[in-house]
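One structure below.
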Amino acid sequence: MAQATYRKEGVLMHMTGKETSIAKKPFLVLLWIELALIVFVAGGSAYVSIAELTHPAAPFLGFIPLALFLLYFLIRKDRARTYYLTGISAIKGKQWLDYAPLLLILIVLLIANNGFAAAPASTFVYLLLTQLLLVGFVEETLFRGILMRVFAHKGVLYAVMISSVFFGITHALQALGGQSLEDTLLQIVYAFGTGFMLSLLVAKHQAVLLTILFHGLHNFINMTGNEPSNHLYDYLVLAIIAAYCLWLLRSVRQTRPAKQGVAPSVT
4 MAQATYRKEG
14 VLMHMTGKET
24 SIAKKPFLVL
34 LWIELALIVF
44 VAGGSAYVSI
54 AELTHPAAPF
64 LGFIPLALFL
74 LYFLIRKDRA
84 RTYYLTGISA
94 IKGKQWLDYA
104 PLLLILIVLL
114 IANNGFAAAP
124 ASTFVYLLLT
134 QLLLVGFVEE
144 TLFRGILMRV
154 FAHKGVLYAV
164 MISSVFFGIT
174 HALQALGGQS
184 LEDTLLQIVY
194 AFGTGFMLSL
204 LVAKHQAVLL
214 TILFHGLHNF
224 INMTGNEPSN
234 HLYDYLVLAI
244 IAAYCLWLLR
254 SVRQTRPAKQ
264 GVAPSVT
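Going by the working numbering, the final residue of the sequence shown carries number 270, and the count climbs one at a time with no gaps.
Okay, here's the thing in structure tokens:
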């Protein structure tokens with residue numbers, strides 16, 4: 004199938020002359036993603052609660068079937084490149100500086116949490132593996148890989164907004180009970196801002212593996228650290244995210260979508 008390549012103000016997109024089934028119905032894909040997360044993640048949490056499992060990795064059992072399905076989906080027709088899993092190889096030289104703010108955020112979180120809480124070494128290993136290989140892999144592949152790819156033909160920023168809004172909604176559902184209004188609003192804004200930042204990075208570099216790494220480490224630090232005494236560092240991280248997003252938007256801007264076509268081999 005003939006392919007055309009065009010550049011959207013710094014963002015390289017690959018298009019084909021024919022839409023395949025998954026890209027013709029992007030909102031159906033979005034619906035299936037949300038349903039899968041609700042059913043498997045919520046179902047897994049319910050099972051852990053009913054069975055009274057206490058293993059550190061138990062809360063993330065629901066991600067296992069999703070991770071296995073995504074591995075099968077990506078390997079079956081060599082879709083890793085299509086959904087941005089191989090873009091890391093194209094990042095050269097100063098382009099790596101685009102990821103410096105992510106490192107800064109992780110450092111701020113470490114400082115905010117006063118390092119790591121006391122726990123057995125095995126707990127740290129289990130949590131690190133689950134956050135990288137299950138939570139980070141599943142959520143980044145779904146929101147930054149598949150969703151952004153199937154909506155790419157509508158425009159870069161359209162795809163970024165869809166990805167980040169529904170990433171924020173999915174995580175905001177976890178913040179709707181048992182806490183103050185400030186905590187709830189902070190978590191909603193934090194989830195959307197983080198999703199927007201990572202989506203812009205993927206739009207620019209097509210390197211989901213790096214957002215998986217950040218996502219996993221971010222969760223790991225938050226889960227293994229000491230409880231911060233106030234929200235000062237949360238607001239500092241939000242300020243970093245806001246400034247970083249404004250900077251990224253300079254090179255990732257909305258342009259008119261192609262008249263026809265979607266990403267290559269979107270099946």
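Each residue gets a CB set at the ideal place from its N, CA and C atoms; glycine is no exception.
Classify residue i as helix, strand or coil using the three-state DSSP reduction.
| i | result |
| --- | --- |
| phenylalanine 154 | coil |
| glycine 219 | helix |
| glycine 118 | coil |
| phenylalanine 170 | helix |
| lysine 27 | helix |
| lysine 97 | helix |
| arginine 84 | coil |
| threonine 214 | helix |
| proline 62 | helix |
| valine 163 | helix |
| valine 255 | coil |
| leucine 56 | coil |
| alanine 7 | For alanine 7, the predicted structure reports a pLDDT of 37, less than 50, and the residue's modelled location is therefore unreliable. A value from the coordinates is still provided. Three-state result, alanine 7: strand. |
I need the boundaries of the alpha helix (DSSP H) containing residue i, first residue and last residue.
| i | result |
| --- | --- |
| proline 68 | 66 to 79 |
| isoleucine 110 | 103 to 115 |
| isoleucine 243 | 235 to 252 |
| phenylalanine 195 | 184 to 208 |
| valine 128 | 124 to 132 |
| phenylalanine 43 | Element bounds for phenylalanine 43: n/a, residue is neither H nor E. |
| phenylalanine 140 | 140 to 143 |
Since residue i contacts residue j with CB under 8 Å, what's their CB separation in whole angstroms?
| i | j | result |
| --- | --- | --- |
| alanine 120 | glycine 228 | 6 Å |
| methionine 200 | isoleucine 165 | That belief does not hold up - the Cβ atoms of methionine 200 and isoleucine 165 are roughly 15 Å apart, past 8 Å. |
| asparagine 222 | glutamine 134 | 4 Å |
| tyrosine 193 | proline 104 | Between proline 104 and tyrosine 193 the Cβ distance is about 15 Å, and since that is not below 8 Å, they are no contact. |
| alanine 70 | valine 141 | 5 Å |
| leucine 251 | leucine 204 | 7 Å |
| isoleucine 224 | leucine 109 | 6 Å |
In this structure, what does DSSP give as the bridge partners for residue i?
| i | result |
| --- | --- |
| isoleucine 228 | Correcting the residue identity first, residue 228 is glycine in this sequence and not isoleucine. Its beta-bridge partners are Phe119. |
Mind checking if residue i is an interface residue toward chain D, Cβ cutoff 8 Å exclusive?
| i | result |
| --- | --- |
| phenylalanine 223 | The chain labelled as chain D is not found in the depicted structure, where only one protein chain is given. |
Would you check if the segment 26 to 46 and the segment 162 to 173 touch, i.e. whether three or more CB-CB distances between them fall below 8 Å? yes
Taking one C-beta from the segment 231 to 248 and one from the segment 97 to 116 each time, how about it: are there three or more such pairs within less than 8 Å? yes
Indicate whether the contact test is met: 3 or more Cβ pairs, each with one atom in the segment 84 to 96 and one in the segment 208 to 218, closer than 8 Å. yes
Decide if the segment 150 to 163 is in contact with the segment 90 to 110; the criterion is three or more beta carbon pairs, one per stretch, under 8 Å apart. no
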